[in-house]
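*Asks:* Below: one structure in structure tokens.
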Amino acid sequence: MFFLLILIFLSLIFYIVVGDMPGAAFKTNPKYKKHVLDAIVCFLGGIFFSISVVMFSANTYRIGEDFLNSYEWKIGYGNNLGPFIFGYVITYIIIFVRRAYKTLK
1 MFFLLILIFL SLIFYIVVGD MPGAAFKTNP KYKKHVLDAI VCFLGGIFFS
51 ISVVMFSANT YRIGEDFLNS YEWKIGYGNN LGPFIFGYVI TYIIIFVRRA
101 YKTLK
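16 is the number that this note's numbering gives to position 16 of the sequence shown; each next residue is one higher, with no gaps.
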């Protein structure tokens, strides 16, 4: 699951970078670009939340061994996937509510 999340995150960044190049074969649609940037921010929010949960609940924490270990990201085994999904969803809700309030003004 860890490698799948990393692959999705890097492919979203690649989509934005290639779509914004001057001589690109395709141009990123601004509507889709907004959604892809929202997904990238949600990924970062999920990563930040899962790191902060482990940092505040552990006696010793090593980001290289504890967070980047792919065993901790398996469904039902580790402690990182649940907080990541929660952080992803909460970040998306914050973005959605902020955008809804901007349209009301």
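Cβ coordinates follow ideal geometry from the N, Cα and C atoms, glycine included.
Between Ile51 and the ligand GDP, is there a pair consisting of the residue's CB and a ligand heavy atom that are separated by less than 7 Å?
*Replies:* This structure simply doesn't include the ligand GDP, nor any ligand for that matter.
*Asks:* Scan the stretch 71-101 and note each continuous alpha helix (DSSP H) run of 4 residues or more that stays entirely inside, going in chain order.
*Replies:* Counting only runs of 4 or more, we get nothing.
*Asks:* May I have the straight-line CA-CA distance separating Leu81 from Met1, to the nearest angstrom?
*Replies:* One-based indexing of the sequence shown puts residue 81 at position 81. One-based indexing of the sequence shown puts residue 1 at position 1. Their backbone Cα atoms lie some 8 Å apart in a straight line.
*Asks:* Please tell me whether Asp20 and Tyr92 are closer than 8 Å, where the distance is taken between their beta carbons.
*Replies:* The residue given as residue 20 occupies position 20 in the sequence shown. The residue given as residue 92 occupies position 92 in the sequence shown. No. Outside cutoff.
*Asks:* Which stretch, first to last residue, makes up the alpha helix (DSSP H) that contains Phe9?
*Replies:* Locating residue 9 in the sequence shown gives position 9, counting from the first residue. Its alpha helix (DSSP H) spans residues Phe2 to Gly19.
*Asks:* Between Lys31, Ile13, Tyr32 and Gly87, which lies nearest to Val53 when the distance is taken from Cα to Cα?
*Replies:* As a position in the sequence shown, residue 53 is number 53, starting the count at 1. Ranking the options by Cα distance to Val53, first place goes to Gly87.
*Asks:* Would Val36 pass as a contact of Ile16 if the rule is Cβ separation under 8 Å?
*Replies:* If you number the sequence shown from 1, residue 36 lands on position 36. If you number the sequence shown from 1, residue 16 lands on position 16. Result yes, Cβ atoms of Val36 and Ile16 sit closer than 8 Å.
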